[in-house]
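Mapping of the sequence shown onto my numbering: residues 81 to 278, in sequence order. Here's the structure we're looking at; comments come further down.
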Amino acid sequence: MAKRRKVSNPLALAVLAQLLMGPTHPYEIGRRLTAQDKGRNVKYTRGSLYMVVEQLLKAGFIAEDGTVRDTQRPERTIYALTEDGRAELYDWLRDLVAKPEHEFPKFGVALSLLVVLAPADAVDLLGRRLVALTEEAEQIRADVRQAVDGGLEWVFVVEEEYRLAVLDAEARFVTTLVTRLGEPEYVRKWQEMFEGKT
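Set out below in structure tokens:
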């Protein structure tokens with residue numbers, strides 16, 4: 081079972097990791113997250129970022145570390161990682177890396193109810209999904225290749241390699257599922273269960 085945390089939003093983990101590099105203000109954290117394309121893994125908006133910063137401050141994981149005013153912009157509060165924040169960052173990250181946790185992907189919900197769809201309809205829809213999975217995987221491969229060829233260390237795109245592995249596994253699963261849904265025995269059983277009810 082996952083450890084109960086004072087601040088459980090994954091965005092908080094990303095903020096702590098950004099502050100590990102040194103004190104800064106939330107606007108700069110948001111700019112970095114955008115530049116690093118972290119929005120593919122952590123959902124955030126400007127409002128949610130500031131909310132998480134407040135939660136981390138209240139939990140004692142970060143502390144105010146002065147203010148800065150650059151050009152015409154309003155004064156910005158700088159935040160720094162506290163020792164408790166550093167400990168939380170490492171403890172939380174170690175938990176996420178070491179302990180698998182059950183997640184609830186939407187595709188899993190769809191699969192649990194797949195029997196409702198006529199076999200031919202399911203096969204058609206899964207065929208479309210397979211095309212989308214293939215296109216997404218090709219784009220990720222190209223992006224990773226470009227980043228690494230551009231000098232970025234592989235560890236900075238490891239989450240994309242993970243996404244690629246998941247997409248490839250899903251594509252294999254969908255291919256097998258399409259075959260099984262088209263088998264005459266399944267089609268016959270489905271018709272016995274649902275014919276006339278759709």
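All residues carry an ideal CB built from backbone N, CA and C; glycine is no exception.
In DSSP terms, what residue i is bridged to
i	result
I304	With the chain covering 81 to 278 only, the question about residue 304 has no answer from this structure.
T147	T157
T104	Y159
Given residue i as reference, the closest of the options once Cα atoms are compared
i	options	result
T255	T214, G140 and F236	T214
D223	G207, V235, E240 and A212	E240
M101	A178, Y124, Q135 and T162	T162
Q135	R112, E183, E263 and S88	S88
N121	V238, E265 and A249	V238
G262	L197, E250, R221 and V211	L197
H105	P154, R85 and D117	P154
L257	P185, I220, R209 and P103	R209
A251	K179, A212 and Q116	A212
T125	G110, S192, G188 and D204	G110
F274	V189, L194 and G127	L194
Cβ separation of residue i and residue j, assumed to be a contact under 8 Å, to the nearest whole Å
i	j	result
L244	A202	With 8 Å as the limit, L244 and A202 do not qualify as a contact, their Cβ atoms being about 26 Å apart.
F141	E168	5 Å
V133	Y170	With a Cβ gap of about 20 Å, V133 and Y170 do not count as contacting.
L129	L91	7 Å
D150	K83	No, D150 and K83 are not in contact; Cβ-Cβ is about 39 Å, not under 8 Å.
R260	W172	Going by Cβ atoms, the distance from R260 to W172 rounds to 40 Å, so no, they are not a contact pair.
Closer than 7 Å: residue i CB and nearest the ligand ADP heavy atom
i	result
D117	Of ligands this structure carries none, so the ligand ADP is not represented either.
Counting only runs that start and end within the region 216-264, where is the beta strand (DSSP E) found for 3 or more residues in a row? none
How do the region 88-96 and the region 143-156 stand: do at least 3 beta-carbon pairs fall below 8 Å, yes or no? no
Counting Cβ pairs, one atom from each stretch, are 3 or more of them under 8 Å apart for the region 265-274 and the region 225-236? no
If we require 4 or more residues per run, which alpha helix (DSSP H) segments fall completely within the region 161-188? 163-178
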